[in-house]
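Everything on this sheet refers to the single structure shown next.
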Amino acid sequence: MTAHDVRPGTTARSFPPGFVWGAATAAYQVEGAATEDGRTPSIWDTFSHTPGKVFRGHTGDVAADHYHRMPEDVRLMAEMGLTAYRFSVSWPRVQPTGRGPAVQRGLDFYRRLCDELLAHGIQPAVTLYHWDLPQDLENVGGWPRRATAERFGDYAALVAEGLGDRVSLWTTLNEPWCSAFLGYGSGAHAPGRADPVAALRAAHHLNLAHGRAAAVLRETLPPRAQISVTLNPHLVRPLSEAPEDVEAARRIDAVGNRIFTGPMLAGAYPDDLLQDTARLTDWSFVREGDLEAVHQPLDSLGINYYTSRVVSAAPPPERVRGTAGRPVSPWPGAEGVDFHQPSGEHTAMGWPVDPTGLYHLLTQFTRDFPGLPLVIAENGAAYDDKPGPDGSVHDPERIAYLHRHLDAVLRAVQDGADVRGYFLWSLLDNFEWTYGYGKRVGAIYIDYETQARIPKSSARWYGGVARTGMLPDAVPEEEPYPHD
């Protein structure tokens, strides 16, 4: 994904030549085989097995059984016309305790996966960390502990040495905001700790882990390797232009976005973030040399986008009723902010459908960080998919969602955004974190009782776009397959 591959040749409805078309998954969500070949528990194994944490007690023990059905899944990718597959490596499958040498049986699975992908003309894109911290490392402190960043650098070296001859696209972290603030701030995700100071410490150590892993990858991999990090930037809009609502949006932007883009892309934490959080911490866990270590050159930035947020200043505490039992906020330093649910179309997760937010993110990042190529590393939606009487799965809502968001990407490209690729979330229906198997986000339907795979109509539609590089002018009202 180099500049000369993609920038020339854009036409009204075509994506640039060389644009990468892919789909994405994460290890704990699809692999299963939770105790096979030396794998030990991650924080998500522990969390999902804790009563009350995940919908109906679902776990990733079997998931989509990708560990055993990988060749079939790769064949389906090839039939869709994908040119890349973004997957994560399970840290406890490769390094069960987060220390010591690699377990070769674990690496062998990813070697087989890469070989299968390459044999089908599909480029492997590795994410080193998609939330599955080895439980052994959490037991001694987890991400709030500085040593975890050191361990991550060691782990990055093991994976680079094991897969570097097969993989040229590398991502250090996926959505560190979720790892830090849902995992340690609100406790809504694994490991389920609710401590705002621990969340801020975790955020810094995730930044540091990214920097150390990026440096290790540069040292270990061939020059052709391209290194990225994937963030989930929050597109935040104030409810009104009132100064207090604009201030609320600024505070969410600080702890939701710039806590990562500041050190990773500009080499410093923003002053307003430090001021917002001063009553919680003095940030003394940031040591001399840390920011230089975090601020590593990147070949691209991954952006995950699903929806936008609307915020306002909250009413004074004495006017707030029913606060007892409310979830702990994942936004330390941004207390006194209300989130609003816009009217209009929503996905099955209740998330507003807002493709304009993706356009604004891409053009904003282009302005703020000129010269940094962008990749849509995740975009997709949950809908209530189920097989019809003939056994097929039609999901016109997802096709419409994808069409509108790809149109937003194309408009951003035409307006100067350097977007190099798009990865659909997700290839397969999967264990969708705290939603368990209650929400379906895949282009391929999974019958969890039989593990049968059924490509949905969206898989056929997206495959047509991927094969031609062309976005249809409109979504057909009746015919679900615009390309054959």
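Residue 398 in this note's numbering sits at position 403 of the sequence shown, and the numbers go up by one each step. Just so it is clear, CB atoms sit at the ideal spot from N, CA and C, and this is done for glycine as well.
- If you draw a 10 Å sphere on the C-beta of D271, you find 16 or more other C-beta atoms in it, and that means buried.
- F50 sits close to G431, with the two beta carbons spaced by under 8 Å.
- In this structure, the alpha-carbon of E330 lies about 8 Å from that of S324.
- The criterion of a C-beta distance shorter than 8 Å is not satisfied by P382 and I441.
- In the DSSP annotation of this structure, the continuous segment of the alpha helix (DSSP H) that includes Y354 starts and ends at 350 to 363.
- The Cβ-Cβ distance between R213 and I222 falls below 8 Å.
- Here DSSP, grouped into helix, strand and coil, assigns D240 to helix.
- Among the bridge pairs identified by DSSP, D442 is matched with A447.
- For H335, there is no enclosing alpha helix (DSSP H); the enclosing beta strand (DSSP E) covers residues 332 to 335.
- In chain order, R161 place their CB closer than 8 Å to the CB of D110, counting only its own chain and leaving out the 5 sequence neighbours on each side.
- Counting only the Cα atoms, R415 lies some 17 Å from G76.
- Counting only residues of its own chain and dropping the five nearest sequence neighbours on each side, A144 has a CB closer than 7 Å to the CB of H200, L203, A204, R207.
- Between the alpha carbons of G178 and Q118 lies a gap of roughly 31 Å.
- Looking at P258, T256, G17, the one whose alpha-carbon comes closest to that of L112 is G17.
- If only complete runs of 4 or more residues are kept, the region 80 to 114 shows the alpha helix (DSSP H) at 86 to 89, 99 to 114, in order along the chain.
- Within a 10 Å sphere around the beta-carbon of T122 sit 16 or more other beta-carbons, which makes this residue buried.
- Comparing C-alpha distances from L275 to each of A261, L369, D190 shows the shortest one belongs to D190.
- Here V121 carries a strand assignment [DSSP, helix/strand/coil].
- Judged by beta-carbon spacing, S307 lies beyond the 8 Å limit of A210, meaning their Cβ atoms are not closer than that value.
- Counting only the Cα atoms, A58 lies some 9 Å from D424.
- Nearest C-alpha to A376 among Q409, G386, W420: W420.
- As for any alpha helix (DSSP H) of minimum length 4 sitting wholly inside the region 206 to 277, the runs are 238 to 248, 266 to 271, ordered along the chain.
- A97 sits away from G159, with the two beta carbons spaced by 8 Å or more.
- Cβ atoms of L226 and P258 stay farther apart than 8 Å, at about 12 Å.
- In this chain, the beta strand (DSSP E) harbouring G17 covers 15 to 19.
- The residues Q130, in chain order, have a CB closer than 6 Å to that of T41 in the same chain once the five nearest residues on each side in sequence are set aside.
- Taking C-beta atoms as the reference points, R106 and R34 fail to come closer than 8 Å.
- Setting aside the 5 residues that flank it on each side, F364 is surrounded in the same chain by L260, each with a C-beta closer than 6 Å to its C-beta; the list follows chain order.
- Here W39 really is in contact with A185; their C-beta atoms are around 5 Å apart, less than 8 Å.
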